[in-house]
Every structure is written in structure tokens, then in C-alpha cells.
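There are 2 protein chains.
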Amino acid sequence: MANTHVKEMQALKEHLGKHQLKLTRQRELILSAFLRQEHITAEAMYHQLAKSDPHLGLATIYRTLNLFCDAGLAQARHFGSQTKYDNVSHKGHHDHLICTGCEKIVEFENEEIERLQEEVATKNGFTINTHRLELYGLCSRCRH
Amino acid sequence: MANTHVKEMQALKEHLGKHQLKLTRQRELILSAFLRQEHITAEAMYHQLAKSDPHLGLATIYRTLNLFCDAGLAQARHFGSQTKYDNVSHKGHHDHLICTGCEKIVEFENEEIERLQEEVATKNGFTINTHRLELYGLCSRCRH
DNA sequence: ATCATTTTGAGAGAGCTTATCAATTTCAAT
DNA sequence: ATTGAAATTGATAAGCTCTCTCAAAATGAT
Ligand SMILES: [Mn+2]
Ligand SMILES: [Mn+2]
Ligand SMILES: [Zn+2]
Ligand SMILES: [Zn+2]
């Protein structure tokens, strides 16, 4: 436990330093909990943390998760009607396969698709900054 | 004007008939306005129609656009933070290129991408029902 | 024309996220 | 270690988008 998430903590501190923001007990707590998840909603985070810290406000969760987004540790993703914060601290760009039966989320990368996206954009005179690709369906479990 | 949107009107009537729903002045009005657009928000539709029909309620717009979705004439698409109703009455599946500068939306289809999506899904044991692919960037105009 | 059924409009309400603000905490400078 | 300006927090109000409620009006099968 001692040296877990040291790199991410470092990255956060760096962002805080650059923007004259402060390191608080809440930010440490929320970071440590956030890094244990892959995809989580603000609400779920709130309930999870309420067990150990019943006075932590929901607004603080939102503010802090958005801070993590600014710091490049998280990304807000809108899956269906839910907004989930994607822990991207230890991985690069990826897209998602989402099971509408059990909510399971599988991450994938396909550079051929990425290449074709660029091709489509170029063909239309566009320069891509970001994209969103989500495949919704049923996983093998839920199909049976 | 006489025989514009006859086919779509027909499709709507068919859906209404099958579900014991009624054809109203509002539904005709909203359909005719909707078919003149490619992608529009409920709010924009509301303001647009308010000019000629100031008493048309926003709830009716939402209800009716959702009805069009059920009837297969429209599809609700969540672009960024906006929900736009996509007029799909005269076209099949397609994805979108969106300019973050001027809000321009270009539709495209790429069957190679579609094929690769299936491949990714299969590789992970999934069966795809729907997908969402949006490319965000700048169009040639906005780049300069 | 009748009348059961559906639809409408206005506003209330739900769900999610951000804004407000007084009290508290942080941290750089003593 | 103490001070104090600046940032943060928690509680709650507010904002936004969309759906629900319900009495009044419209529809359409008979
Ligand atoms: Mn992910
Ligand atoms: Mn479209
Ligand atoms: Zn599943
Ligand atoms: Zn543009």
C-alpha cells in the first residue's frame, strides 16, 4: 500500500502546482479511491466514500473528478444515460464495448479503425481532435 | 409543396394506426417542420415553431419527436452535451463528423469501419446491437 | 352527431450537475 | 511555530434538460 499510486499522486501534485491549487485531505482520499476503479459514476463514488467519510459532499466529488480530468488522470465518458469517469492514468486512448445486459465494459484499441477515421476526416476536409466510439450489445454471458 | 413528405406522412400514419394513436394538427405541423431539418434540438424546434404557433407546448415537441423515433423517422443523438433529433426518414445508418468550431455536421458511412467493429465485438464475445461513432474536430473553414 | 379514448398545454417535478457562500483548511511568508 | 491571503469544502440553492400530471380539448370509430 505504501507506494501505490505514487506516480498518479505525483501527476496530480504537478497539476496543482501549475495552477495554484492546493492538496487537500479530500483530494487525496478521492484520488486513492478513484484509482481503484476503471469506470465509475460520481454518485457511486459518493456512496462508496460515504462509508468512511460521511461528511464528504457530493459537490466535492464532482469538483474533484473534474479536476482529475483537467489533470489528465480521468476522462468523463457518457455511456447511455450515465456519466462515468474513466481512469486513464495508466493507459492511453481506447474505445469501449458495452454490454446492455450486465453493464460490463470492455476496453479496446483498434488502430485500423483509428486510421480509417483519419481517412474519413481527411476526405471531408476535417482535422480530428477527439472521437467517441462505443459499441453496444450483449456479452457472451448475457446472450444465453 | 402539395406532395412533399407524403411518404413520411404515410409512414407516420401507419405507425399511428398500429398503435391506436391519433393524427393531430400538432403532429402534422411538427412532422413537416422536422423533415425540413437534418439535425435539430427539441428546443430549437420549439422556438422555430413558436413563430407560427405560439401555444405549442415544449412537452408536445418532446413527445412528438420521441414518437417519430418510435416510428423510425427520427433518431435521438447525443452530440457533446446537446441532444439532436436526426432526420433518418430518407437515409440509412450513418455516423457523424462534427466541427467544434461552427457546429457543422457531416454524415458519413464507412463499411470498412463497420466491419472492423464487428470483428472487435466478435473477438470479445459480444454481439453488437447499436453503436455510436462521432469524430470531433475542425472543418476546413474553421481551421483557418 | 355521439362519446370513449387520446392528446394537448401549462406547469410541476425528476435527475444530474454546477453555482453560491460562509466556514474551514492549506501553505507560503514571516 | 504563527500569521494571513487564497483556495477549498459542505450544505444547499439553482440550472438545465426532459418527463409526468391532469383538466380541458381534439380525434375518429360508430
Ligand atoms: Mn475506459
Ligand atoms: Mn445524421
Ligand atoms: Zn453482459
Ligand atoms: Zn467548422
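Those protein sequences? They're chains A and B, same order as listed. For the first sequence, the working numbering gives the first residue as 110, with consecutive numbering after it. For the second sequence, the working numbering gives the first residue as 110, with consecutive numbering after it. Ideal placement from N, C-alpha and C gives every residue a C-beta, glycine not left out.
Could you tell me whether the Cβ of residue i comes closer than 9 Å to any Cβ of chain B?
i, result
"Val229 of chain A", "yes"
"Arg252 of chain A", "yes"
"Gly201 of chain A", "no"
"Ile139 of chain A", "no"
"Tyr225 of chain A", "For the sequence presented, residue 225 of chain A should be read as Leu rather than Tyr. It does; some Cβ of chain B falls within 9 Å."
"Val197 of chain A", "no"
"His187 of chain A", "yes"
Please confirm whether residue i has its beta-carbon closer than 9 Å to some beta-carbon of chain A.
i, result
"Gly246 of chain B", "yes"
"Asn219 of chain B", "yes"
"Ser161 of chain B", "no"
"Ile222 of chain B", "yes"
"Asn238 of chain B", "yes"
"His148 of chain B", "no"
List, in order along the chain, the chain A residues whose C-beta lies closer than 9 Å to that of residue i?
i, result
"Thr208 of chain B", "It is Cys, not Thr, that sits at residue 208 of chain B in the sequence shown. Neighbours of Cys208 of chain B on chain A, chain order: Phe235."
Check whether the Cβ of residue i lies closer than 8 Å to any heavy atom of ligand 3, and answer yes or no.
i, result
"Gly189 of chain A", "no"
"Glu243 of chain A", "no"
"Gly201 of chain B", "no"
"Lys213 of chain A", "yes"
"Gly210 of chain A", "yes"
At 8 Å on the CB atoms, spell out the chain B contacts of residue i, in chain order.
i, result
"Arg241 of chain A", "Arg241, Leu242, Glu243 and Tyr245"
Beta-carbon within less than 6 Å of residue i's beta-carbon, same chain only, minus the 5 sequence neighbours each way: which residues are those?
i, result
"Ala180 of chain A", "Leu121 and His124"
"Ile139 of chain B", "Thr173"
"Ile214 of chain A", "His148, His205 and Ile207"
"Gly59 of chain A", "The requested residue 59 of chain A does not occur in the structure, where chain A is confined to residues 110 to 253."
"Val197 of chain B", "Gln184"
Can you pull the chain B neighbours of residue i, defined as C-beta to C-beta under 7 Å?
i, result
"Ile214 of chain A", "Ordered by position in chain B, no residue passes the 7 Å Cβ test against Ile214 of chain A, which lies about 11 Å from the chain."
Residue i: beta carbon under 8 Å from a heavy atom of ligand 2?
i, result
"Glu216 of chain B", "yes"
"Val197 of chain B", "yes"
"Arg186 of chain B", "yes"
CB of residue i to nearest heavy atom of ligand 4: below 8 Å?
i, result
"Leu121 of chain B", "no"
"Gly126 of chain A", "no"
"Leu140 of chain A", "no"
"Arg250 of chain B", "yes"
With a threshold of 8 Å (Cβ to nearest heavy atom), would residue i be considered close to ligand 1?
i, result
"Asp204 of chain B", "no"
"His148 of chain A", "yes"
Suppose the cutoff is 8 Å on Cβ atoms and the five residues either side in sequence are ignored; what does the same chain contact list for residue i look like?
i, result
"Tyr155 of chain B", "Leu165, Leu167 and Ile170"
Can you name, in chain order, every residue of its own chain whose Cβ lies under 7 Å from the Cβ of residue i, other than the five neighbours on each side?
i, result
"Arg250 of chain A", "Cys211"
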